[in-house]
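Below you'll find the structure, written out as structure tokens, and then a few comments.
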């Protein structure tokens, strides 16, 4: 199997994709405004202790207090991803009141990202990941990843871990450590010890809530967690990031440096060239078509995810049971891929097409198990229920792809989804660059929803200027209330003068009656009104918010106009 990692770096977004035999199976995203917190370590303050729930709420500096369950409140790890689970039974009997008090400062780690109305799930069982080892401060324990199958290698690594681990600390040997030398593991352990010492020092300084440790950038995590010897190539489209990644790989796995490649193309981005953007559009849809003509429907809810399998257009041969069996087998493989790609966690129920033959049912479940073996996230198939449904659980750590890229749609009161304005703005940026790449026109005018227009323009027009620098063209953006939030309309292309004439909704000297919506952000003396999303800065109208005033346009600029009251 050929395996590739693609990393695309833009001004304020980094995306990474994992491909197996050319098929997209994992997608990772990092944005400054929606930065992940899973894995971060905080010094928090206990706000509430709830004996009835055997849990506590801890202020770690996020919008909502984090949830700490009693099983995670003892500073010993009770949930190892390893082969042994032989911890003393009495540790499980302590109540939340025995472990925590209101106002107490505790060091905790985010185990699950905040989702919807729920705050983050946290634990006191800290884990600090390295390339080959995971350090567990305060735990007298050594474990080896279950995915290392050879017993001799397991024993060798366990012995090395016992020798290298600091006193009073635990170590888990990661899968990627298989076949590595003692020096490789020792170098990783020295790095983790320095990191833990730094976390301890920061914990002594200042009051809670406070961040003590942040997991590193997406590029670093992809190298650390994914770039192993079974990966044929890692391709990145940023020369600067390419050099950083080669440097990292040179430290972690020097033998893999030659597999790091730089993608450069005069007209195409890496994800455009490999068709990743189109794949991502499909990954947000409920219906996924199979090659045979069948399809699966994926419904994600807060409690669980339901997946339904249908024959669709596939009519098969003259044997109905064989048609159903082949559809279910293909669906099992595609479902495993979609769970990884969409990063769906929690309880998952699959309704395969009903099969009469018991051996067909067992083969489909085995095929699902086999396809899930490639998944790095812990997944457990519980088998068939009496109703013929397949139950499985998948560990939930970060927000699913749907949560990251979409928000609840206010048009349909939460019954569906639309892309966030941030996602739409990025898509519009890419579309503008595609249109203008080989266009002879000097300028373009696009019309979008006002909230998307404000993100495209940016504070003081900074984002618009950056887009013009990248394209070498003049870009005009106009907001329109009647535009759907996901829609982009090209209104005009031509010379700068022609497009500018159509782009500005007002002209110098024009007299209008406008409603003052808000005071100016930096000059409260002035008031702000809008015409089709276009900002009108009205001199002296800061105390007229909510009122209609008659104004004369004194100067019109590309992103806003100045006006005075008359």
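Numbering (the numbering used here), first residue to last: 2 to 567. From the three backbone atoms N, C-alpha and C, an ideal C-beta is built for every residue, glycine too. The structure displayed is predicted, hence computed values, not measured ones.
Cβ-Cβ distance between residue i and residue j below 7 Å
| i | j | result |
| --- | --- | --- |
| residue 301 | residue 403 | yes |
| residue 419 | residue 467 | no |
| residue 110 | residue 96 | no |
| residue 264 | residue 186 | no |
| residue 497 | residue 443 | yes |
| residue 158 | residue 145 | yes |
| residue 551 | residue 567 | yes |
| residue 5 | residue 234 | yes |
| residue 179 | residue 154 | yes |
| residue 101 | residue 72 | no |
| residue 32 | residue 14 | yes |
| residue 247 | residue 258 | yes |
| residue 238 | residue 9 | yes |
| residue 541 | residue 525 | no |
Counted within 10 angstroms of its Cβ, other Cβ atoms place residue i as buried (16 or more) or exposed
| i | result |
| --- | --- |
| residue 523 | exposed |
| residue 220 | buried |
| residue 359 | exposed |
| residue 113 | buried |
| residue 22 | exposed |
| residue 464 | buried |
| residue 52 | exposed |
| residue 24 | exposed |
| residue 557 | buried |
| residue 103 | exposed |
| residue 29 | buried |
| residue 331 | buried |
| residue 151 | exposed |
| residue 377 | exposed |
| residue 87 | With a pLDDT of only 41 at residue 87, under the threshold of 50, the placement of this residue in the model should not be trusted, and no figure is reported. |
| residue 569 | The question about residue 569 has no answer, for the chain in this structure spans 2 to 567. |
| residue 98 | exposed |
| residue 409 | exposed |
| residue 27 | buried |
| residue 329 | buried |
Alpha-carbon to alpha-carbon, residue j and residue i
| i | j | result |
| --- | --- | --- |
| residue 547 | residue 554 | 19 Å |
| residue 437 | residue 268 | 10 Å |
| residue 203 | residue 399 | 26 Å |
| residue 517 | residue 508 | 19 Å |
| residue 519 | residue 282 | 37 Å |
| residue 165 | residue 309 | 49 Å |
| residue 314 | residue 351 | 20 Å |
| residue 383 | residue 395 | 11 Å |
| residue 273 | residue 48 | 48 Å |
| residue 1 | residue 60 | For residue 1 there is no data in the structure shown, the boundaries of the chain being 2 and 567. |
| residue 266 | residue 278 | 17 Å |
| residue 108 | residue 55 | 19 Å |
| residue 271 | residue 381 | 35 Å |
| residue 285 | residue 241 | 31 Å |
| residue 215 | residue 149 | 28 Å |
| residue 251 | residue 127 | 28 Å |
| residue 545 | residue 528 | 7 Å |
| residue 218 | residue 372 | 29 Å |
| residue 389 | residue 366 | 11 Å |
| residue 192 | residue 136 | 10 Å |
| residue 84 | residue 173 | Model confidence at residue 84 stands at a pLDDT of 36, short of 50, so the residue's coordinates are unreliable; what they give is reported in the following sentence. Going by the C-alpha atoms only, they are around 10 Å apart. |
| residue 393 | residue 532 | 53 Å |
| residue 374 | residue 481 | 49 Å |
| residue 225 | residue 131 | 7 Å |
| residue 355 | residue 397 | 29 Å |
| residue 357 | residue 339 | 26 Å |
| residue 479 | residue 511 | 19 Å |
| residue 562 | residue 538 | 6 Å |
| residue 184 | residue 194 | 15 Å |
| residue 197 | residue 42 | 11 Å |
Does the structure place the region 489 to 503 close enough to the region 447 to 455 that three or more beta carbon pairs sit under 8 Å?
yes
Cβ contact (3+ pairs, closer than 8 Å) linking the region 105 to 123 and the region 62 to 72
Verdict: yes, contact present.
Below 8 Å, how does it come out for the region 418 to 435 and the region 465 to 477: are there three or more Cβ pairs, yes or no?
yes
Between the region 339 to 356 and the region 392 to 406, are three or more C-beta pairs nearer than 8 Å?
yes
Counting Cβ pairs closer than 8 Å, one from the region 421 to 429 and one from the region 454 to 465, do we hit at least three?
yes
Does the region 226 to 234 come into contact with the region 204 to 212, if we say contact requires no fewer than three beta-carbon pairs (one atom in each stretch) closer than 8 Å?
no
Runs of beta strand (DSSP E) lying entirely within the region 403 to 451, each at least 3 residues, in chain order
407 to 409, 418 to 420, 444 to 449
Quick check: the region 329 to 339 against the region 288 to 296, are there 3 or more CB pairs under 8 Å?
Yes, the region 329 to 339 touches the region 288 to 296.
I want to know whether the region 164 to 177 touches the region 137 to 152 - three or more CB-CB distances under 8 Å.
yes
Where are the beta strand (DSSP E) runs, 3 residues long or more, that stay fully inside the region 260 to 341, in chain order?
261 to 263, 288 to 290, 296 to 301, 305 to 311
What are the complete beta strand (DSSP E) segments, minimum 3 residues, inside the region 451 to 498?
475 to 480, 489 to 495
Can you give, in chain order, each stretch of the beta strand (DSSP E) that sits fully within the region 165 to 248 and has at least 3 residues?
170 to 174, 211 to 214, 234 to 237
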